[in-house]
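Numbering (this note's numbering), first residue to last: 25 to 273.
Idealized CB from N, CA, C, for every residue including glycine.
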């Protein structure tokens, strides 16, 4: 997924980073963003942090270090020691995300940047009402997420959350619509981004269908129906990519 987003952005971030010397990625996953950051800023130290180890097949640049950690535990870093903190698709999995903002801000040096990217699960269809399969899926999805004590709508609230925290002298938001139905936009870059995210999201929902399906009234029998499956897995979504900062001095 990272490479698809990188092809669309055509750069590491929209934030005007000025030769950062220390970069932290919380939720490094495959390590792809950390590797790109290390390649873009070869003089910087990049820390890739996650609960799971990086893939054994990943070749790390010499300026990347891996740190295994639980994000709900106290940070194993000194306050005010990073120029950049980056999280992609992580806030949606954290309980009480509003309170997490101050923890993230504490890691930044004066003038540092907090870069957050997450999804806004707003269902949009420019031509007709959203299909019943997608509506049912999202009813189940939201119920499932709330049972996990996390906010499935956090992506839509990121900008307000950061402004309300008063931890930052500047807050910027870039909203990127993701068209996941074929031929939904004349912009080939946006269509490619939507196709890539759809492939990833399809896999996620198939993996949790036994949990979100019953809550939304979706049965194994309905999933076997080709038309219903099309409506469930090919809905149109909106992605919010947010660059936030710099840290207040």
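Annotated three-state conformation of residue 69 is strand, per DSSP. Residue 165 sits in a helix when the DSSP states are folded into three classes.
Distances from the CA of residue 121 to each of 180, 31, 47, 36 were compared; the closest alpha carbon is that of 180. A distance of 8 Å or more separates the beta carbons of residue 195 and residue 116.
Across the structure, residue 199 and residue 224 are spaced so that their CA atoms are roughly 19 Å apart. In the DSSP assignment, residue 110 falls within the unbroken beta strand (DSSP E) covering 106 to 112. Around the beta carbon of residue 204, 16 or more other beta carbons lie within 10 angstroms, which makes this residue buried.
Here the alpha carbon of residue 162 sits roughly 42 Å from the alpha carbon of residue 66. Assignment of beta-bridge partners to residue 137 by DSSP yields 108. Per DSSP, the beta-bridge partners of residue 49 are 72, 110. Your pair residue 48 and residue 109 checks out as a contact, with CB atoms roughly 5 Å apart and the cut at 8 Å.
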